[in-house]
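What follows is a set of notes on a single structure, which appears directly below.
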Amino acid sequence: MKLRYDVPGDDLSLAGKASAEVKRALGRLGVDPGAIKRAAVSMYEAEINMVIHGGGGVATAELSPERVVVVMEDSGPGIPDLDLAMQEGYSTAPEWIREMGFGAGMGLPNMKRNADELRIESEVGRGTKVTIVVAFGAAGGAEA
Amino acid sequence: MNGPSFHSVTLDPAKCKGCTTCIRFCPTEAIRVRKGRAYIIDERCIDCGECIRTCPNNAKKAVSDPLSAIERFAVRVALPAPTLYGQFDERFSVDRILCGLLDLGFTDVFEVAEAAEAVASETAGWIAAAGDGGPWISSACPAVVKLLQVRFPSLLDRLAPVISPMEAAARIVKERLYPGRADVGVFFISPCAGKVTVSRVPQGLSESAVDGVISIKDIYLPLRNALPGVEERPIARASGRGVAWAHIDGESDAVGVPRAISVSGIADVIGVFEALENGKLKDVAFIEALACPAGCVGGPLTVENPYIARARLKALERRSGEGTDRRNPVGEIQGGAPGIGLGFEEPVKARSGLRLAPDMLKAMILLEETELIGETLPGLDCGSCGAPTCRAFAEDVAKGDALITDCIFKLRENVRKLAEELINMERLQPPGLDKD
C-alpha cells in the first residue's frame, strides 16, 4: 500500500510531519523497532532537506511486509555536486538554519548510514528525487 | 512483561456521563466511549493519569490501598514521596509531617528522597560506565517507561536500567533496616497512579518490594488533621538533592550529568522522544522525562497545585542547602545503600497495544482499509463516535470494533440517501394510474 503526503516548503515547524506519519504506520504494522528507527532517521533527514533546500515537495511511502520504500521529490534547485554533498560536514545550509541545530552537513551521510538503499537523482534547476529503502528484520519486536 | 493485565486507573461507571473529554487527552488513544461509558483498552493504557486529571465528573480514579491496609503487618513502614512535603504550607516541617505519619499508625518512616540520592548516584555511575555519550532516559517515571513500551519501542534500549527511588527505598528498608523479617510491610505514599500499577507488575524487576501504595489524596485529610497536635522530633534525613526529585530538574541536577534535558507533561515528553527517535539530540547525555506537569508534584493523586507545591519544595531545598536542617550528608544512606542492587533484573520489553494485528500482512490490509475509511470521514475529531479522532475511529471500523454508522455524519448521510430513495420510489406510479 502507498501513503502520500504533501510537504510544505515554507514552514520548518511542520517539517517532520510526513516522517512521523510513516513512523506511526510502521508501528501499527508491528515492524521491528530497529527498522522503524532507521526509517524514521533517514526519512526525517530527507524531509528536513526537502524543506530547507528543495522548497517542499511530495513524500510517498510504499509499504510491504518486507520493506518500506520512501520517495521524496522536490522541484528545488537540485544538487550540483552529489559526491561533495555526500561528504560528512559539507553543507550549503544558510546560517539561520545552522543556528536552529540543522545544517551540520550530516544529513545525507546519516541517511546513507540508516537506509538499506539510498538513491539520489538530481538535476540542477529541476529538482531532486531521493529514494530510501529500509528492509524490515524479523517481524514483530513486540510481545503479543 | 505484558503480564497479567492490571491498571490502577479505572472508571467509576456511576459517575461517568460518557462526555468524551478524556478520550481526547489520552496520549495512547486508549479510551473509547461505548454505551455512554468510557472504557480503557488495557494493552494501550500507560497509567499516566491524564484521564483522571481531565475528567470533569471525577469518574476516573486510581485504585490504591486504603490506610487500613497497613494493619496486616506488625512493622508498618511509610515511604513518603518527597511530593508529600509540598502539600502542606510552611507551618508544617518535614519532621512534623513524618511524625504525623507515625501518629496515623505507621511504626517507622523511610524517606523516598533519601533513596533517590542513592539512585541518582547509581544512575550517574551507570552513565559514566556506559561511556557511549547517551542519551540515556531516566526510568523513574512509570508512565514514561510504559509510553516507551507502547509508542517508542525503538528507544527502550536507551532506558537507564536503574530501579526507581520507591523500589530502592523499599529494598533498603527490607534488606538493611529489617533484614529477614516477614512481618514488615512497606507502603509508598504516592502522588502517582502509575506507581500503584508498578508495585504489582513492576518494570525491569520480577517482583516489587513494595507491599502497598496509599494515595496522597487519601492520606491528606487524616494527616492534615493530625499535624497540629503532633509531637515533633528531628527524624527527617533526606537532603535537598533527594527532595528535589519531586519536581522537574530535580533528578537531572541530582544525577549531575551535564547536557541533560528535563521535560515534563506528557505532550512535551512525546515531542522530545519524537526528536530523539528522528536522530536529533545527539549532544544530550541524559533525559529526565516526567509525565505529569512540573513533575511528580503534578501527579493525579496530589491535593495541592503543582506549582505551589514546587515553590514550597524549592524553599525547603534552599534551607537544606544552607545546612540548617540537613542531617544526612550526600550519599550516606540510613542503613547503607552499598550492597543493595539498584539495577534492572530483566529488560523492559515493547508492548504491542498499537499494532493492528499480530500478523503483518493482516495488519497491512487493516491499515489500508483504515486509510480508505479515513478519507470518507469528516475529519472533525468530534468524538461523538466514542473514538478520540476520525483516524482512530477508522482503525476501529477496519478492525471490526465499531460500525461506520457510529459516525453521526455517516449516519446522516445514510438517512439522506434513504430519504431520497423513498421520494424516488414515491414518484413511481402503478402503470394503470400513470397518466403521463
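Chains as they are written, first to last, in this note's numbering: chain R, 1 to 144; chain C, 1 to 436.
Glycine included, each C-beta is placed from N, C-alpha and C at the ideal position.
Check                                                                                                                       : Outcome
Any C-beta of chain C under 8 Å from that of P109(R)                                                                        : no
Contact with chain R by E345(C), beta-carbon distance below 8 Å                                                             : no
At least three beta-carbon pairs within less than 8 Å, the region 181 to 196 of chain C to the region 114 to 132 of chain C : no
Within chain R, the residues that G133(C) reaches when beta carbons sit closer than 9 Å                                     : Neighbours of G133(C) on chain R: none; closest Cβ ~15 Å, over 9 Å.
Length of the line joining the Cα atoms of F437(C) and V196(C)                                                              : With chain C covering 1 to 436 only, the question about residue 437(C) has no answer from this structure.
Residue-chain proximity (M166(C), chain R), Cβ-Cβ < 8 Å                                                                     : no
Own chain residues within Cβ distance below 6 Å of V130(R), not counting five before or after                               : A46, M72, I120
Residues near E123(R) in its chain [Cβ-Cβ closer than 8 Å; skip 5 each side]                                                : G78
One or two residues paired with R37(C) in a DSSP bridge                                                                     : R34(C)
DSSP three-state assignment for G125(R), whether helix, strand or coil                                                      : coil
The region 164 to 178 of chain C touching the region 19 to 32 of chain C, judged by at least three CB pairs closer than 8 Å : no
Cutoff 8 Å: R28(R) Cβ touching any chain C Cβ                                                                               : yes
Sequence-distant residues of its chain with Cβ nearer than 7 Å to R24(C) (five each side left out)                          : G383, P388
CB contact below 8 Å: A40(R) versus chain C                                                                                 : yes
Distance, R310(C) Cα to E317(C) Cα                                                                                          : 10 Å
Proximity of G127(R) and S42(R) at Cβ, strictly below 8 Å                                                                   : no
Below-8 Å beta-carbon distance, A363(C) vs any chain R residue                                                              : yes
Integer Cβ distance of V284(C) from R259(C), believed to fall under 8 Å                                                     : 6 Å
Contacts of E368(C) in chain R (Cβ-Cβ under 8 Å)                                                                            : M1
Close-in-space but distant-in-sequence residues of the same chain around G125(R) (CB under 8 Å, 5 per side omitted)         : P77, G78
Closer than 7 Å at the beta carbon, the chain C residues around I36(R)                                                      : S154
Selected residue, minimal CA-CA separation from G343(C), among F286(C), Q203(C), A357(C), L102(C)                           : Q203(C)
Reference S439(C), options A350(C), V230(C), P191(C), closest by Cα                                                         : Absent from the structure is residue 439(C), since the part of chain C shown begins at 1 and ends at 436.
Within-8 Å CB hit, E375(C) to chain R                                                                                       : no
Interface flag, L63(R) vs chain C, CB-CB below 8 Å                                                                          : yes
Per DSSP, cross-strand counterpart(s) of L290(C)                                                                            : S264(C)
Residue span of the alpha helix (DSSP H) that contains I23(C), given as start and end                                       : 21 to 25
Endpoints, the beta strand (DSSP E) within which F409(C) is located                                                         : Here F409(C) belongs to no beta strand (DSSP E); instead the alpha helix (DSSP H) covers 408 to 427.
Chain-ordered neighbours of L356(C) on chain R, where CB pairs are closer than 8 Å                                          : R28, L29, G30
Beta-carbon proximity check, V7(R) vs V51(R), cutoff 8 Å                                                                    : yes
Run of the alpha helix (DSSP H) containing A40(R), from where it starts to where it stops                                   : 33 to 52
Chain C within 8 Å of G16(R), Cβ atoms only                                                                                 : yes
Partner residues on chain C for Y44(R), Cβ-Cβ distance less than 7 Å                                                        : N278, G279
Contact list for M360(C) against chain R, beta-carbon separation under 7 Å                                                  : L29, G30, P65, A139
Residue closest to A38(C), alpha-carbon to alpha-carbon, out of C22(C), G212(C), I248(C)                                    : C22(C)
R4(R) - containing beta strand (DSSP E), residue span                                                                       : 2 to 8
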